[in-house]
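Asks:
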Amino acid sequence: DQINYSCAYDAMFGPLYDVWQAHGPKWTDQFDILSNYAAVLARGFQAFKSKTGKLEDARDDVRAVLNNANPENFPYGAEWTAIDDLALEIFGGTDRGTVTTKCTGCDHLALQENGFNGAQTIVSNKRLKTKYKNTYCVSHWLNGQRIRKTNQSCPNCGNGMVTITTLDDVPPCFYLSVSDNNILFDSAVSLTVGETRYRYALRGVIYSGANHFTSRIIKPNGAVWYHDGIETGRNSVEEGSV
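In terms of UniProt numbering, the sequence shown opens at residue 1 and continues consecutively.
1) Are there three or more Cβ pairs, one per stretch, closer than 8 Å when the stretch 67–80 is compared with the stretch 38–46?
2) To test your reading of the DSSP string, which unbroken alpha helix (DSSP H) runs of 4 or more residues are found completely within the stretch 128–167?
3) Would you identify the three-state DSSP class for Glu239, choosing helix, strand or coil?
4) Using a 10 Å radius around the Cβ and a threshold of 16 neighbouring Cβ atoms, would you call Ser215 buried or exposed?
5) Between the C-alpha atoms of Ala201 and Val178, what's the straight-line distance to the nearest angstrom?
6) Can you tell me which of Gly92, Ala58, Ala69 and Trp27 puts its alpha carbon nearest to the alpha carbon of Phe174?
7) Would you check if the distance between the CB atom of Ile116 and the CB atom of Gly144 is smaller than 7 Å?
8) Could you tell me the boundaries of the alpha helix (DSSP H) in which His227 lies?
9) Looking at the unbroken alpha helix (DSSP H) that takes in Arg63, where does it start and where does it end?
10) Lys51 lies in the alpha helix (DSSP H); which residues open and close that run?
11) Note down, in chain order, each residue of its chain lying with its Cβ closer than 6 Å to the Cβ of Trp27, except the 5 sequence neighbours on either side.
12) Could you give the DSSP three-state label for Cys7: helix, strand or coil?
13) Between the Cα of Ala188 and those of Thr163, Ala210, Pro220 and Val162, spot the shortest distance and give me the residue it belongs to.
14) Would you kindly report the start and end of the unbroken beta strand (DSSP E) that includes Phe213?
15) Looking only at its own chain, which residues have a Cβ that is under 6 Å from the Cβ of Lys129, when we skip the five neighbours before and after it?
16) Please classify Asn73: does DSSP put it in a helix, a strand, or coil?
17) Using the Cβ count rule (16 or more neighbours within 10 Å means buried), how would you classify Cys7?
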C-alpha cells in the first residue's frame, strides 16, 4: 500500500510461507540452506505459527536486513524493488554446480567456474522454440541449460565451444524469472544430479505490471489462491484449481 510499498516482498513471501507450512518445521532447516535471508524469513514464520509474532513481522524483518545490507536495491518508501534482485538474495545464496566451457573437438577447457544457484532467468531461445514449436515449456529450457552452444571458436582447433552445467546438489526450492511470454509452464519440473532426478512442483507465480506485484499460490492439492496487497490486503482469495 502507500504506506509500506511492500508488494515485492508480499508477492514472494506468500507462496514461500505456504511451502513452509505445508512441510512443517523441518523446512526451517531447508530455508537455512537456501540463504541467510531465507533463514531470517523462516524464523519469522515460526514466530507467527507459535503466536509470538505477526506474519508481517517476518516480511519486515527480512526487509530491514536487506535494506541495511543494500539500501539502493532494497529501499523503503515509493522506490522500485526489483523482484529478481529479491529472488537472488532469497534463493541464490549458494551455487549448486559447475559450469564448464570446452571445445567439442579437442576438449580444450576454456573456463570452469561455480554456477547454477536457486534463482535463474529464462531468456528467449530460438533453437528450442523451433524444435518444440507450440509445446515449448519451462522443462525444455531447463534441460537445454545442461549443454548449450556458444558463439566461440576453439583457439586450438577452431571447432565450436559448448557450455556444460553439471549439478552437484539441488536447492530445496528455486525461482525462475520468465522474460519469454511464449513459454508454457509445467506443473512440475526436474533437476538431475548424476543419475538421480529431483522433482519440483509449481507452488507459486508472481506477476509484475504497473510498478506492482501480485501472486498466485498453488496448493499441493492444486487449489489456486490469488493475492494482491492493494485489492485483497493481507488475505488471499481462492480462485479455483489448476
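Cβ coordinates follow ideal geometry from the N, Cα and C atoms, glycine included. In this text, all values refer to a predicted model and were calculated from it rather than measured experimentally.
Replies: In short:
1) no
2) 138–144
3) Here residue 239 is taken as the residue at index 239 of the sequence shown, counted from 1. Three-state DSSP puts Glu239 in a strand.
4) The residue given as residue 215 occupies position 215 in the sequence shown. By the 10 Å Cβ count, Ser215 comes out buried.
5) Reading the sequence shown from its first residue, position 201 is the one you call residue 201. Reading the sequence shown from its first residue, position 178 is the one you call residue 178. Distance between the alpha carbons of Ala201 and Val178: 17 Å.
6) Counted from its first residue, the sequence shown places residue 174 at position 174. For Phe174, the nearest C-alpha among the options comes from Gly92.
7) For the purposes of this step, residue 116 is taken as the residue at position 116 of the sequence shown. For the purposes of this step, residue 144 is taken as the residue at position 144 of the sequence shown. First, the amino acid is wrong: residue 116 is Phe here, not Ile. Contact flag unset, no.
8) Counted from its first residue, the sequence shown places residue 227 at position 227. His227 -> not in any alpha helix (DSSP H); beta strand (DSSP E) instead, spanning Ala223 to His227.
9) For the purposes of this step, residue 63 is identified with residue 63 of the sequence shown, where counting begins at 1. Counting along the chain, the alpha helix (DSSP H) containing Arg63 begins and ends at Leu55 to Ala69.
10) As a working mapping, residue 51 is identified with position 51 in the sequence shown. Lys51 -> no alpha helix (DSSP H), and no H or E assigned at all.
11) On the sequence shown, position 27 is the one that residue 27 refers to. Correct list, in chain order: Trp20.
12) Translated into the one-based positions of the sequence shown, residue 7 becomes position 7. Three-state result, Cys7: helix.
13) What you label residue 188 is simply residue 188 of the sequence shown in a count that begins at 1. Minimum Cα distance to Ala188 is reached at Pro220.
14) Your numbering for residue 213 matches position 213 in the sequence shown. Phe213 -> beta strand (DSSP E) spans His212 to Ile218.
15) Working through the sequence shown from its first residue, we reach residue 129 at position 129. Taken in chain order, the residues that qualify are Tyr136.
16) Walking along the sequence shown from the start, residue 73 turns up at place 73. Asn73 falls in the coil class under three-state DSSP.
17) Locating residue 7 in the sequence shown gives position 7, counting from the first residue. The residue in question, Cys7, is buried, as its Cβ has 16 or more Cβ neighbours within 10 Å.
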